[in-house]
Amino acid sequence: MYGAPPRRQFLALGVLVIAGFVLPYLLPDYFLYIGNVLMTYLVLAIGLDLLLGWTGQFAFAHVAFYGLGIYGTALLHMRLGIPFVFGMPIAAAGAALIGLAIALPATRLRTVYLALATFAFAECAQWVFRTWDSVTRGPDGLRMSAASVFGFSVGNDREAMPVIAVITALVLAATFYLVRSKLGRAFCAIRDSEHVAAASGIDVRRVKVLAFVISAFYAGIAGGMYTLFQSYVHPDGLGVWTLVLLLTMVVVGGSGSIGGMVLGVLLIGILPEVLRAAPRGLLVWQEFAYGLILILAIMFMPRGIWGLFTKSRSA
Amino acid sequence: MNLALQAIASGIATGCVYALVALSLVIVYKSTDVVNFAGGELVMLGAYFGLLLLVWLNLPYVAMFVLAPAAVFALGALFDRLTLRRVAGRKLSKHVDLVPYVVATIGLSYLLKGAVRVVPYTEEVRRLPPLFSGPPVFAGDVVLQRQDFAIIVVTAIVMAGLWLFFGYTLAGKALRATSQNPRAAALVGIPVSTARMAVWGLSSAIAGIAGLLLAPKLLMTPDMGSVVMLAFAAAAVGGFSSLPGCVVGGIALGVIQNLVGVFISPQAIAVTPFFVIMLVLLVRPAGLFGEAVVLKKV
Amino acid sequence: MSFFSLNGVTMRFGGLVALNRFSMDVEQGSIHALIGPNGAGKSTVFNCVSRFCQPASGEIVLDGRQLLGEPAHRIAGLGVARTFQNIEQLHQMTVLENVLVGLHSRVAGYVPFLPGSARRNAEGAAIREADEILERLGLQSFRDTYAGQLDFGRQKMLDVARALAARPRLLLLDEPAAGLRNREISFIDGVLLDLARKQGITIVLVEHVMQLVMSVADRVTVLNFGEKIAEGAPAEIRANPKVVEAYLGVEAAHA
Amino acid sequence: MSAWRRGFAALGVIFLIGNAQAQTPGVTDKEIVIGLFGPLSGPLVAYGVDPLNAARMVYEDINAKGGIHGRKIRLVIEDDKCNPNELVAVVKKLITVDKVFILHGGSCTAAIAAAQEYVVREKVPYMMLNAAGDNAVFPATRYMFGSFQATQRVYGSALAEYAIKTLGTKRAAIIVHDDDYGKANLAAGKAVVERLGGTVVAQERIPPSITDITAPVLNIRAAKPDVILSGLYPAPAVLLAQKYGEFGMSAIPLMQANQGIPTPSVYAKNVGNPEALKNLYHTWAFNDIANEAIRSRWTGMYKKHFPEREPGPFMVTGLPSVLSVVDTLQRMGRDLTREKFVDAMEKLDLKTDTMTGPLQFGPGRRDALRSVVVIKYDGVTQKVMPGLFTWNGKDGT
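The listed protein sequences derive, respectively, from chains A, B, C and D. When we follow the working numbering, the leftmost residue of the first sequence carries the number 1, and every step to the right adds one. When we follow the working numbering, the leftmost residue of the second sequence carries the number 1, and every step to the right adds one. When we follow the working numbering, the leftmost residue of the third sequence carries the number 1, and every step to the right adds one. When we follow the working numbering, the leftmost residue of the fourth sequence carries the number 1, and every step to the right adds one.
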């Protein structure tokens, strides 16, 4: 991609922000909560996709950075009294810094080795969240106090939605520019062929490291968003299941596209809510059905749902 | 001192199970580039098939030991035929496309877990009768279950069998050729897609055998497949390519876990395999026994 | 001292010697063909220059500058661009994006998040230049097609376009005519001559299509089993018995 | 009606009549709406389906008998998968869309804790279905009631008290998981052992996913305890017993908390070694073992309501919470508000033949059951040991 992002993309962001300010006056908490969860997942999924879909790096440490963002933002606020507007960027920068520390050795790895090493890192991070009792409250989980945004207390869905919508819009806008920049093209070039990328003057290792760091930063931001509308975090929620959920969103939506992420997050995120209407006797088949959906999606929609709407990219 | 000896002895037996599952993962990765995240669920399925045949259908143990892995063999081959062949057939890039495979096998793992969990009988922890039962065996202060010896022996047999199969039989050589260069293999008349199916079946059957050995020792729940993480760690030590490396990795991991539990803290047992993965890959980006990864020929 | 030279380059893969003290001198603005049977080490020469592999010994010098001390991504900035033997495309990117990637080393730093005018101007200039290159190579009408969807000949041409975008002083072409039809080969023929004669780009050409080699090359080097067996003008090479033997020997082995 | 349509209907209502809400949500002249939920799918489904069905059958049974003070109970049933995100969504849906009177659900403490802040802020009474962890009731909040089958502090304390006082042991080894259950169990057990003059010679915290339990058992053996107190889950509990038998430690009493032994006969079969069952004790919160009639009464009722399903071992865990809700509603009469429900629930003092002890709340107390029994099991017969073991409300907090 190249050039400036088209105007309609910013128009969509405007609609998102307006909705974020208006909907809290119209909808019950349940819908606001789902909206907040979906926007958080969108930022997470886009961050993961920058590595997975755009740069072609099979890195699975995303949930660890998400956790760092959550615990970081919450603890900075609760222990040191640092308000959200500073705490969230500091926590996200911390996540990015740890991302850098992981990326330096990890970018030497390829394929299954990279996947395993990053997955192992995520498991280690979860173990630290669970075991470092004195800081994270370990297996008891951390009860978070309401965040403070520009002096306003933000601790429920109603108050959080405008803030979350603004953050989501900012992240999306940044991503629109990122994927159309020289750096975004370098990501894609590395995904398609490291040889061509290197021969074209792209510093493959450095760009991969950048992708890792930016991806971790996004996850850290998503973690900060979580602290705005949730009141409790438990290490069990930062494990494989969340990674699988994100992977599903990325793959079903269509990796390597922002539109695909929006679709994937919406569909997979709302799926459990829609299934509430299913007959109770069938609920027990949900896990089976989830597996089946994954398999069918990968068989029949190689480029995700987004790929069904856009032209094919290979001969 | 006998504390350490006991920890090592038990670790070797447990490590052999990791090694078996790791072997199943590695032969499939080597031949089809698929990282099988459903490997653990194939183990689980093997164990439940065993229970079904033994307890519900009242078959003799020997028949069960043949039929249960055979059923898992069929399932693995079928999965390759129905799903992976389609995924592999339209690779988007010339490079190894890991993500579609990962997602497909994760899908399989949820599908299998979900299917087993629907049966109310699986709500409770179950146990398969051991291959050899009887009082434990003492060697000085060190004690092992008879089943532990069964595990060590079967692992050795499977390992030797794979070595003979891939090294000395025509079918095995054909499979190896297929994994190294599918196009060339097709040119000399090897039926590549049948070979792929066979590898998947073989790998699944090994996972099934691991399940039969593991179920008496580790007990059965629909979530017992999580043992695959330990197998991944074992495979990483072996570089995801070396079969002896897997066995060494599995045994080392079993022993290290126990030593960590005794001398550091049992709380650290859970994180040990992941620590091992990171450490090994940090020192040797392609595992201790792996061949160096080079970019494909330009 | 010639413009581009390899001196005593030795490259081993495990026990296999891919290049054995190979030397070659290329004059500025010339088209220098590198031929030899399959597996002779031609692509290895390119990969050493591109810094994808590290020779055991020897030196590679471009315009007085040692290339072996540079990392792979800096080679393009020094004026060396290359194409690839198996079409190695950025196939999920469009034709224009492919060329923009080729321009990478010439677009100013990474500033993805600033919609400032500097960035806009730099991007604008890059896009204009990419369009010009596409125009020149007849790919303009495929500007927004994904590279993976082009036919074989156009993919080859796109490879050249991407390489040219780096505005190279030295262009390494790895079998640009392989698998092409006659009409396409004569188009490449014209392009190469234009690049060398009019724009002064030095070209090293690995090629099996003798028709192309003979019509454009100023000088030909012949490799077999990693060693140079002959060098000279095209006509001399055609008459060289060692060359004929190398090729025929291989052909005979094939048959 | 789908959740969406209901949601839009609710949206319309808000638009039309604003937020005026004169009467108590979820209560009409003819019915009381209760939101009932638990894990009906996913990895923890075993802890959800039967207990939720048990609660359903009691509510339906009450309805069949004419309801409570002229009102029928209407249930809105949801699946929370024991996942915190989903449980919070369920709670918010039940409160703001379905507008239930009270919430009754949850089998996993961590998931419930995620909803606690919201429930308290919205002032909606929340009855935990069968989650027994300590985190949702300590510290107590006004609106959240739970632990109807005793918390881990109760079990840790009961195991320790029996070991020191009745078995007369002095050196206890405690093995628990490295999660919230284990933390609470260990804290209470240790406090009681030390209060009664014993010492804790080994405390092992192991991951629930452990595959080889050799190391912690070796540590325990090296500490030379004269009793082993375990708070492990079913699979690790069996692994512990097997290794304990293998190492010939059966002279030392092994005491398991009841989460390790959901069905004693299955446990015995899984352990497989009679040697490891010779000296086994476990805690229990229900009278169904002492009194077979109680068990068959409930299973009979279950089969009548759900003929297609054989009730599993966790079915009974759904009973005490529903019995408490029914008792409270009956005590309240027809005047129902959420605040009055909380006040009435706080005064709960329900003695049932099903539970070992009384179900009680009080000011600042939100855990219902504090008394359990100890059972000796040799693989064939279960013998309820004399005495009721009651947590004093202080140990381990």
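Quick reminder that beta carbons are idealized off the backbone N, C-alpha and C, glycines included.
Judged by beta-carbon spacing, residue 33(A) lies beyond the 8 Å limit of residue 180(A), meaning their Cβ atoms are not closer than that value. For residue 109(B), the chain A residues whose Cβ falls inside 8 Å of its Cβ are 291, in order along the chain.
For residue 58(B), no Cβ of chain D is located within less than 8 Å of the residue's own Cβ.
Cα atoms of residue 372(D) and residue 385(D): separation of roughly 11 Å, rounded to the nearest angstrom. A Cβ of chain C is located within less than 8 Å of the beta carbon of residue 199(A). Nearest CB-CB separation between residue 118(B) and chain A: below the 8 Å threshold. Only buried fits residue 272(B), as 16 or more other CB atoms lie within 10 angstroms of its CB. Residues of the same chain with a CB within less than 7 Å of the CB of residue 123(D), apart from the 5 flanking positions on each side, are 143, 338 in chain order. Below the 7 Å Cβ cutoff, chain A contributes no neighbours of residue 9(B), its closest Cβ being approximately 27 Å away. By the Cβ rule, the region 218 to 229 of chain D counts as touching the region 246 to 258 of chain D, because three or more pairs are nearer than 8 Å. Residue 7(C) sits in a strand when the DSSP states are folded into three classes. Of the candidates 268(B), 217(B), 207(B), 265(B), the residue whose Cα lies closest to the Cα of residue 28(B) is 207(B). According to DSSP, residue 172(D) shares a beta bridge with 200(D), 227(D). Residue-level contact check: residue 45(D) touches chain B, since one or more beta carbons of chain B fall below 8 Å from its beta carbon. DSSP, reduced to helix, strand and coil, places residue 391(D) outside both helices and strands of the structure shown, so it counts as coil. Residue pairing by DSSP places residue 283(D) opposite 374(D) in a beta bridge. Under a 10 Å Cβ-count criterion, residue 11(A) is classified as exposed, with fewer than 16 other Cβ atoms of the shown protein chains found around its own Cβ. Residue environment analysis places residue 159(A) among the buried positions, since at least 16 neighbouring C-beta atoms fall within 10 angstroms of its C-beta. Taken through DSSP and simplified to helix, strand or coil, residue 249(D) comes out as coil. In the DSSP assignment, residue 66(C) forms a beta bridge with 61(C). The Cβ-Cβ distance between residue 201(A) and residue 260(A) does not fall below 8 Å. Residues of the region 21 to 48 of chain B with a Cβ closer than 8 Å to any Cβ of chain D: none. Taken atom to atom, the span from the alpha-carbon of residue 86(A) to that of residue 109(D) is near 32 Å. Contacts with chain D (Cβ-Cβ distance below 7 Å) from the region 259 to 292 of chain B involve 261, 262, 266, 267, 269, 270, listed in chain order. In the three-state scheme derived from DSSP, where H, G and I count as helix and E and B as strand, residue 49(C) is classed as helix. In the three-state reduction of the DSSP assignment, residue 38(D) falls in the strand class, which pools E and B. Under the Cβ criterion of 8 Å, residue 89(D) is counted among the residues facing chain A. A check of alpha carbon separations from residue 23(C) across 58(C), 30(C), 15(C), 159(C) identifies 58(C) as the nearest.
The beta-carbon of residue 313(D) is placed less than 8 Å from the nearest beta-carbon of chain B.
Counting only the Cα atoms, residue 12(C) lies some 20 Å from residue 35(C).
Residue 50(C) is not a Cβ neighbour of residue 25(C), given a cutoff of 8 Å. If only uninterrupted alpha helix (DSSP H) runs of at least 4 residues are considered, those enclosed by the region 36 to 93 of chain D are 49 to 64.
None of the residues of the region 62 to 91 of chain A has a beta carbon lying less than 8 Å from any beta carbon of chain D. Pairwise C-beta distances place the region 118 to 132 of chain D out of contact with the region 66 to 73 of chain A, as fewer than three of them are shorter than 8 Å. At a cut-off of 8 Å between beta carbons, residue 154(B) makes no contact with chain D.
Within the region 251 to 288 of chain A, the complete alpha helix (DSSP H) segments at least 4 residues long are 258 to 275, listed from N- to C-terminus.
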